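Participant:
Numbering (the numbering used here), first residue to last: 30 to 523.
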């Protein structure tokens with residue numbers, strides 16, 4: 030009422046009253062009136078407002094003396110009635126906005142609470158799942174010390190330590206991958222390749238676990254365009270997660286099948302692959318399926334089903350499939366098995382791209398790398414010791430430095446053809462790996478062409494891009510995989 034400023038009407042010599050009727054009792058309810066209002070010979074106007082009717086009565090303080098006053102009073106009444114309707118509507122809208130805002134805040138609070146509960150469950154699972162491989166590593170390391178002279182036991186204990194270490198690393202990688210996806214840093218790194226090669230390499234990865242659990246595995250490939258332009262790493266990660274889950278949750282003697290086929294596509298330059306993974310595993314309940322892609326959720330904790338994991342594998346898969354413009358659908362029945370259907374559109378490789386993929390390698394460099402002497406820049410003494418031992422056992426001579434400044438100084442101190450290759454850590458004091466590489470590439474002599482391989486814990490795609498952009502020739506992620514390291518070195522050192 031204050032917004033309508035009815036006091037101005039009173040100052041102009043009019044008395045007024047605004048009222049409405051109680052629909053249940055018929056009682057008159059006064060909403061507002063002038064200080065000296067006397068309901069005698071008033072002019073009344075009805076005003077429809079949302080879900081109600083308000084009445085406005087007006088009369089001059091001196092009474093109606095002329096027709097002009099009556100007309101003027103009616104005019105005032107209509108104006109005030111209109112203002113009341115507008116004011117009431119505005120106030121209603123504000124109240125509605127306040128209600129909607131309060132509801133939105135409540136929903137946000139509920140979502141935040143649900144997210145916190147999910148993360149609490151996640152931390153509980155992670156605490157158990159990380160401790161499990163850690164306990165195995167510590168326990169088998171102690172047993173290894175006690176039985177160091179017993180070859181069979183040593184071999185067995187080392188195998189357990191390696192498998193536990195791999196599990197621990199995968200848990201950490203899942204968490205980091207999810208963080209990257211949520212922050213919007215995940216992108217596609219496209220290369221040309223033959224899809225059968227990826228399928229065959231995955232089968233090689235799965236083979237030990239399949240044999241260990243006594244599972245049978247079959248695969249079928251029916252595609253018209255095998256050469257595609259795609260992100261091999263992320264596509265591998267999708268299939269590794271799904272087939273890996275089938276292996277985890279299929280009891281001994283069960284079967285897993287991977288069918289890959291090409292289905293019709295709307296675009297002539299696109300091949301849409303349908304990948305179906307079926308297993309005869311323990312399955313999932315109908316109640317859990319709607320939550321299957323939610324972060325940190327698992328139908329059973331690893332304490333209950335004895336299978337370690339974070340609850341992040343399928344959310345990561347869903348995010349990667351979405352990133353590629355694909356779809357994923359999961360069907361499952363308890364004690365019968367699970368069927369996962371993934372459809373992803375891939376660009377069909379041109380003949381030129383196919384030929385380039387067969388003749389070109391991003392690691393192939395024409396240079397003077399003819400020796401077996403390696404310069405390694407690594408500030409962590411433990412990492413340096415491990416890498417140096419691996420290299421020396423494979424016939425390399427190694428000089429170690431602790432930062433980029435020492436690396437640059439030693440490189441320039443020795444003859445130009447002294448080192449055949451540099452292994453470069455990224456995060457080092459004084460001068461990091463990127464800056465050191467740029468300085469080496471700007472040298473005005475033969476040293477500027479020396480192959481430089483990043484050997485770092487910075488293992489994501491954007492880290493690889495930064496390494497190549499700085500002038501490095503290859504990228505090896507820590508922890509060091511000996512086979513990957515030696516295979517990479519073979520490309521440069523003869």
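Where is the CB? At the ideal position from N, CA and C, for every residue including glycine. Since the model is a prediction, treat every value here as computed from it, not as a measurement.
#1: At which residues does the beta strand (DSSP E) containing residue 249 begin and terminate?
#2: From the DSSP output, read off the bridge partner residues of residue 314.
#3: What is the DSSP secondary structure of residue 290, counted as helix, strand or coil?
#4: State the start and end residues of the unbroken alpha helix (DSSP H) segment that holds residue 490.
#5: Cβ of residue 165 within 7 angstroms of any heavy atom in the ligand FMN?
#6: From the DSSP output, read off the bridge partner residues of residue 476.
#7: Should residue 159 and residue 129 be called a contact, given that it needs their Cβ atoms to be closer than 8 angstroms?
#8: By DSSP, does residue 142 sit in helix, in strand, or in coil?
#9: Going along the chain, which unbroken runs of the alpha helix (DSSP H) with 4 or more residues stay wholly within the segment 379–464?
#10: Could you tell me the distance, in whole angstroms, from the CA atom of residue 424 to the CA atom of residue 495?
#11: Please state whether the Cβ-Cβ distance between residue 283 and residue 239 is less than 8 angstroms.
#12: Quick check: what's the CA-CA separation for residue 214 versus residue 81?
#13: Output needed for residue 516: all residues of its chain with C-beta closer than 8 angstroms, excluding positions within five of it in sequence on either side, in chain order.
#14: By DSSP, does residue 322 sit in helix, in strand, or in coil?
#15: Go ahead and pull the three-state DSSP assignment for residue 31.
#16: Could you compute how far the alpha carbon of residue 531 sits from the alpha carbon of residue 210?
#17: In this structure, how does DSSP classify residue 222 when only helix, strand and coil are distinguished?
#18: According to DSSP, simplified to helix, strand and coil, what is residue 217?
#19: How is residue 363 classed by DSSP in three states: helix, strand or coil?
#20: Please go through the segment 252–288 and give each complete alpha helix (DSSP H) segment of 4 or more residues, from N-terminal end onward.
Facilitator: Straight from the coordinates:
#1: Taken as a continuous stretch (DSSP letters only), the beta strand (DSSP E) holding residue 249 covers 245–251.
#2: Paired residues: none, contrary to the question.
#3: DSSP places residue 290 in the strand class (E or B) of the three-state scheme.
#4: Counted as a single uninterrupted DSSP element, the alpha helix (DSSP H) harbouring residue 490 occupies residues 490–499.
#5: By its list of ligands, the structure shown contains no ligand whatsoever, and the ligand FMN lies outside what it can speak to.
#6: The partner list for residue 476 (beta bridge, DSSP) is empty, contrary to what the question assumes.
#7: Contact flag unset, no.
#8: Per DSSP, reduced to three states, the secondary structure at residue 142 is helical.
#9: Here the runs fully enclosed are 380–388, 410–422 and 433–442.
#10: Looking at the two C-alpha atoms, the distance is approximately 30 angstroms.
#11: In this structure, residue 283 sits away from residue 239, with a CB-CB distance that is not shorter than 8 angstroms.
#12: Roughly 55 angstroms between the two C-alpha positions.
#13: If we look at residue 516 and ignore the five residues flanking it on each side, it has no Cβ neighbours.
#14: In the three-state reduction of the DSSP assignment, residue 322 falls in the coil class, being assigned neither a helical nor a strand state.
#15: Only weak support is given to the placement of residue 31: the predicted model assigns it a pLDDT of 44, under 50, and the question is left unresolved by the model.
#16: Residue coverage of the chain in this structure runs from 30 to 523, which leaves residue 531 outside it and unanswerable.
#17: In this structure, residue 222 counts as strand in the three-state DSSP scheme.
#18: It is coil, neither helix nor strand.
#19: Residue 363 falls in the coil class under three-state DSSP.
#20: List check, alpha helix (DSSP H) in window: 261–278.
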